[in-house]
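Here's the structure, in structure tokens; my notes come after.
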Amino acid sequence: MLRKISIANKKVKVAALSVVSNSLLIILKIIAGIISGSVSIISEAIHSGMDLLASIIAMYSVRFSSTPADKQHPYGHGKMENISGLAEGILILIAAFLILKEAIEKILNPSVIHETSIAIFVMIFSGLVNIVVSRKLYRTAKEEDSMALEADALHLKTDVYTSFGVALGLILINITGFLILDPIVAILVALLIIKEAWQLCCTAFRPLLDEKLPDEEEKILLDIIARHKENIISFDNLRTRKTGHIKHVDFCIIVHRELTVENCHYISQNIKQDIEAEIKNCLVHIYLQPDNN
5 MLRKISIANK KVKVAALSVV SNSLLIILKI IAGIISGSVS IISEAIHSGM
55 DLLASIIAMY SVRFSSTPAD KQHPYGHGKM ENISGLAEGI LILIAAFLIL
105 KEAIEKILNP SVIHETSIAI FVMIFSGLVN IVVSRKLYRT AKEEDSMALE
155 ADALHLKTDV YTSFGVALGL ILINITGFLI LDPIVAILVA LLIIKEAWQL
205 CCTAFRPLLD EKLPDEEEKI LLDIIARHKE NIISFDNLRT RKTGHIKHVD
255 FCIIVHRELT VENCHYISQN IKQDIEAEIK NCLVHIYLQP DNN
């Protein structure tokens, strides 16, 4: 129980770090965008605004998903992280389309960009900050198998690409004087964001439909069951799914009719312990069936 509380606190603290960093970067980008008049900087401020909202959603979802199972939710609240990831993906898509809208308007009505040095500095600084925070989020997401933190990390990873892309666009404008490069860079940024957001939505949505565990994990299950073939006749009805970071496995083993209840329980417990030892965060339910022959 103490370990679960510690894990929950760890995930919430990491999510809170993302909230703080996004808040700081939004302020800097808005100031740089107003001073420079660059649509790509304003687009980045919009993107970071969506990132901030997504980070807040992630922070509360990891806290809620870690609450214990109850009478209404016997399998726990883990899927809240998948719902959060899906919501974050949709928010990224909205941000991308807002950026496209701003960029197209800027192509039709170009304007002069001022003080590009400040804007370039803010974009490079933003990219560096997000490299640090996104790596922290990814590391914790992988350690705790958190969909919400992984989605938040993807936001910031995308922001790294876009920030450096905008900085490069502004540098090219300084060199060439072609103002149209600003909205073109913004459009390229938006297209990259759309691609990442679609992948995130797909990843978050599949567990909501109780998709089975990946093939490599199911192979581990089959290998473990095969190691116990001397004690069982066969197995049937293998079903797997994932709820948040918890993986659920259930199947039926067919045992010799003459075995005692105590022996059958001992066999099933050994199989269960082996599976839970090799697959992290796995809950196993094994049903017994006597041989009909």
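Numbering (our numbering), first residue to last: 5 to 297.
Positions of the beta carbon are idealized from the N, C-alpha and C atoms, including for glycine.
Pairwise C-alpha distance: residue j and residue i
i, j, result
"Ala194", "Glu282", "41 angstroms"
"Glu221", "Lys33", "43 angstroms"
"Ile98", "Lys140", "26 angstroms"
"Val66", "Ala157", "14 angstroms"
"Ile30", "Asp214", "37 angstroms"
"Leu21", "Val164", "16 angstroms"
"Asp240", "Glu262", "20 angstroms"
"Ala303", "Ser150", "Because the chain is modelled from 5 through 297, residue 303 falls outside the range shown and cannot be assessed."
"Tyr64", "Lys110", "37 angstroms"
"Tyr142", "Phe125", "26 angstroms"
"Gln277", "Lys284", "12 angstroms"
"Ser270", "Cys256", "Correcting the residue identity first, residue 270 is Tyr in this sequence and not Ser. Those two C-alpha atoms are separated by around 15 angstroms."
"Val265", "Glu234", "17 angstroms"
"Lys199", "Gln76", "37 angstroms"
"Met5", "Ile108", "Because the pLDDT at Met5 is just 43, under 50, the model does not fix this residue reliably, and the value given afterwards should be weighed accordingly. Their backbone Cα atoms lie some 53 angstroms apart in a straight line."
C-beta contact flag for residue i and residue j at 8 angstroms
i, j, result
"Glu92", "Ile39", "no"
"Ile103", "His159", "no"
"Ile1", "Gly80", "No answer is possible for residue 1: the residues shown for the chain start at 5 and end at 297."
"Ile197", "Leu185", "no"
"Met84", "Gly248", "yes"
Chain-order list of residues whose beta-carbon lies under 7 angstroms from that of residue i (same chain, five-residue window excluded)
i, result
"Ile279", "Leu225, Ile228, Val253, Cys286, Val288"
"Cys268", "Val259, Leu292"
"Ala318", "Because residue 318 is not part of the residues shown, which for the chain are 5 to 297, the question remains open."
"Ile46", "Gly37, Glu106"
"Ile175", "Ile124"
Own chain, CB closer than 6 angstroms to residue i, minus 5 neighbours either side, in chain order
i, result
"Ile258", "Ile237, Ser238, Gln293, Asp295"
"Ala155", "Gly89, Glu92, Leu204"
"Lys216", "Thr244"
"Thr71", "His81"
For residue i, the nearest candidate out of the options (CA to CA)
i, options, result
"Val16", "Asn113, Phe125, Ser69", "Ser69"
"Pro218", "Ile45, Ile198, Arg243", "Arg243"
"Thr162", "Val137, Leu213, Ile184, Ala20", "Val137"
"Gly41", "Ala123, Ala157, Thr207, Ala171", "Ala123"
"Ile117", "Gly173, Met84, Gly169", "Gly173"
"Asn3", "Lys246, Asn241, Arg261, His232", "Beyond the ends of the chain as shown, which are 5 and 297, falls residue 3; an answer cannot be given."
"Phe209", "Arg245, Thr71, Glu234", "Arg245"
"Glu106", "Glu262, Pro187, Lys216", "Pro187"
"Lys14", "Ile45, Ser59, Lys284, Glu147", "Glu147"
"Ser121", "Cys256, Leu112, Ser59, Ile35", "Ile35"
Anticipated Cβ contact below 8 angstroms, residue i with residue j, distance rounded
i, j, result
"Val133", "Ser272", "So it is not a contact: roughly 51 angstroms between Cβ atoms."
"Ser27", "Leu56", "6 angstroms"
"Gly169", "Leu192", "7 angstroms"
"Ile96", "Ala230", "That belief does not hold up - the Cβ atoms of Ile96 and Ala230 are roughly 43 angstroms apart, past 8 angstroms."
"Asn86", "Leu212", "5 angstroms"
"Thr144", "Val23", "In fact, because the Cβ distance is near 14 angstroms, the residues do not count as touching under 8 angstroms."
"Ala171", "Val43", "The Cβ separation is near 14 angstroms, so there is no contact."
Contacting residues, own chain, Cβ-Cβ under 8 angstroms from residue i (five flanking each side not counted)
i, result
"Ser167", "Glu48, Met127, Ile128, Ser130, Gly131, Asn134"
"Ser59", "Ala19, Ser22, Val23, Asn26, Asp156, His159"
"Lys94", "Just to set this straight, residue 94 is Ile in the shown sequence, not Lys. Within the same chain, Ile94 has close Cβ partners Ala201, Cys205."
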